[in-house]
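Below: one structure, written as structure tokens.
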Amino acid sequence: MEEALGADAWIVGMDSVSGTHLNAVHTVEAALGKAGMGSFVVKRFPAEPPEEQVRAVTREATNLELLAATNVPAPRLVAADPSGGEAGEPTLIMQRLPGAVVLDPPAIEVWLRGMAELLPTVHEVVVPIGTEVRPFSTYNNVEELDVPIWSADPALWSFVLDTAGGPAPESAYSFIHRDFHPGNVLWLGDLTSGLIDWEPASIGPSAMDLAHCRVNLARLYDVAVADAFLGTHAALTGGYDHQPYFDLLAVIETLPQALPPYGGVLTPHRAKLEAYVRSVVRRF
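Now the structure itself:
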């Protein structure tokens with residue numbers, strides 16, 4: 164790792180941070196000789212099959228290289244070892260951005276606006292010919308899902324599954340983050356300082372970034388906050404017309420267990436999710 168950081172670099176500290184069930188993330192502090200100290204993030208995907216670890220590192224490295232020439236506040240790629248030949252396993256090293264995740268903001272309107280302001284910048288990214296960014300796909304195959312056994316409203320979920328399994332409405336396609344939610348946004352005070360976790364980025368419906376964030380906001384807070392985020396984004400973009408189909412597509416990606424985001428208690432979370440689903444269904 165020190166070789167990747169430079170000839171004069173040596174590591175002075177390393178800490179494990181929470182990733183997801185599919186990746187392992189460490190922060191690294193390194194002395195860089197005359198350049199002073201540097202902060203970095205090391206990311207691996209040990210829970211994935213070996214061939215997928217290679218693809219995941221390659222994808223995120225490609226996406227970070229693409230974003231380096233844009234105004235998106237993404238980490239700077241330092242080094243990538245997809246084969247694991249140097250690091251022992253497929254590994255990504257990137258700049259550690261300043262700031263922290265905020266899930267309990269002091270001013271929720273400012274918080275929602277800050278997140279909404281990130282999306283147009285992401286969706287305006289132009290992918291050059293020859294740069295391989297994967298096409299959008301859903302995390303779940305709706306045809307393999309059943310009405311959740313924990314729900315007391317099977318008719319509601321039958322509608323969700325039937326609709327999400329139907330044809331998608333017309334929607335603008337763009338470069339999308341694909342995992343856009345409050346846990347991937349960094350803040351310094353009232354200002355966003357970074358957007359992280361770029362491995363899932365895709366070419367797909369711009370609406371999916373909004374939909375994915377909305378279902379997370381509804382589960383973390385409630386329907387009113389999810390709707391406020393949509394309204395804030397519409398005001399920033401001049402009257403964006405959101406198709407509720409994409410909200411249901413994001414909802415099915417929480418199934419079958421519908422586990423709470425960011426921890427939490429399961430039963431109230433499922434009640435929040437169903438309240439959100441009912442609000443989306445009313446938009447049809």
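Offset between the sequence shown (1-based) and this note's numbering: plus 163.
C-beta atoms are modelled at their ideal positions from N, C-alpha and C, and glycine is treated no differently.
Note that the structure is a prediction, hence the values are computed from the model and not measured.
Residue i burial status per 10 Å Cβ neighbour count (16 or more: buried)
i: glycine 331; result: Sequence inspection shows alanine at residue 331; the glycine mentioned does not correspond to that position. The residue is exposed, with fewer than 16 neighbouring Cβ atoms inside 10 Å.
i: glycine 176; result: exposed
i: glycine 357; result: buried
i: proline 363; result: buried
i: arginine 441; result: exposed
i: tryptophan 361; result: buried
i: threonine 355; result: buried
i: arginine 244; result: It should be noted that the sequence gives aspartate, not arginine, for residue 244. Flag for aspartate 244 reads buried.
i: isoleucine 312; result: exposed
i: methionine 433; result: First, the amino acid is wrong: residue 433 is arginine here, not methionine. Buried, because 16 or more other Cβ atoms sit within 10 Å of the Cβ of arginine 433.
i: proline 368; result: buried
i: aspartate 429; result: The amino acid occupying residue 429 in the given sequence is leucine; aspartate does not appear at that position. Burial call: exposed.
i: proline 236; result: buried
i: alanine 263; result: exposed
i: asparagine 186; result: buried
i: alanine 387; result: exposed
8 Å Cβ cutoff met for residue i and residue j
i: leucine 282; j: aspartate 404; result: no
i: leucine 308; j: leucine 418; result: yes
i: valine 285; j: isoleucine 366; result: no
i: arginine 377; j: proline 424; result: no
i: leucine 399; j: glutamate 280; result: yes
i: proline 407; j: phenylalanine 343; result: no
i: valine 188; j: threonine 233; result: no
i: alanine 389; j: leucine 380; result: yes
i: alanine 465; j: glycine 199; result: The requested residue 465 is not part of the displayed model; the chain covers only 164 to 447.
i: leucine 266; j: proline 345; result: yes
i: valine 220; j: threonine 190; result: no
i: arginine 470; j: arginine 222; result: Examination of residue 470 is not possible in this model, given that the chain is present from 164 through 447 alone.
i: alanine 438; j: phenylalanine 409; result: no
i: alanine 260; j: isoleucine 174; result: The sequence as given places leucine at residue 260; alanine does not occur at that position. Their beta carbons are not under 8 Å apart, which means leucine 260 does not touch isoleucine 174 by this criterion.
i: tyrosine 336; j: glutamate 416; result: no
i: leucine 229; j: valine 290; result: yes
Own chain, CB closer than 7 Å to residue i, minus 5 neighbours either side, in chain order
i: glutamate 306; result: Gly328
i: glutamate 295; result: Thr225
i: leucine 120; result: As shown, the chain starts at 164 and ends at 447. That puts residue 120 outside it, with no answer to give.
i: arginine 452; result: Because the chain here runs from 164 to 447, residue 452 falls outside it and cannot be looked at.
i: proline 317; result: Val310
i: asparagine 347; result: Leu358, Ile359, Asp360
i: glycine 247; result: Pro253, Thr254
The alpha helix (DSSP H) enclosing residue i, as first and last residue numbers
i: valine 220; result: 213–230
i: phenylalanine 322; result: 317–327
i: isoleucine 359; result: No alpha helix (DSSP H) holds isoleucine 359; DSSP gives it neither H nor E.
i: phenylalanine 208; result: Where phenylalanine 208 is concerned, there is no enclosing alpha helix (DSSP H), given that its DSSP letter is neither H nor E.
DSSP three-state assignment for residue i, whether helix, strand or coil
i: glycine 346; result: helix
i: isoleucine 339; result: strand
i: phenylalanine 203; result: strand
i: aspartate 385; result: coil
i: valine 428; result: coil
i: isoleucine 271; result: helix
i: proline 298; result: strand
i: valine 264; result: strand
i: glycine 402; result: coil
i: isoleucine 415; result: helix
i: valine 180; result: strand
i: leucine 351; result: strand
Span of the beta strand (DSSP E) around residue i
i: glutamate 192; result: 186–194
i: serine 365; result: 365–368
i: leucine 240; result: 240–244
i: isoleucine 256; result: 254–258
Nonlocal neighbours in the same chain, by C-beta distance under 8 Å from residue i, ignoring five residues either side
i: arginine 239; result: Leu227, Ala231, Met257, Gln258
i: glutamate 215; result: Phe208
i: aspartate 353; result: Ala270, Val273, Gly277
i: serine 334; result: Pro368, Ser369, Ala370, Gln406, Phe409
Close beta carbons around residue i, own chain, < 6 Å, minus the five adjacent residues each side
i: valine 217; result: Pro245, Pro253
i: alanine 421; result: Arg433, Leu436
i: alanine 413; result: Ala374, His375, Val378
i: serine 314; result: Trp320
i: phenylalanine 299; result: Ser365, Gly367
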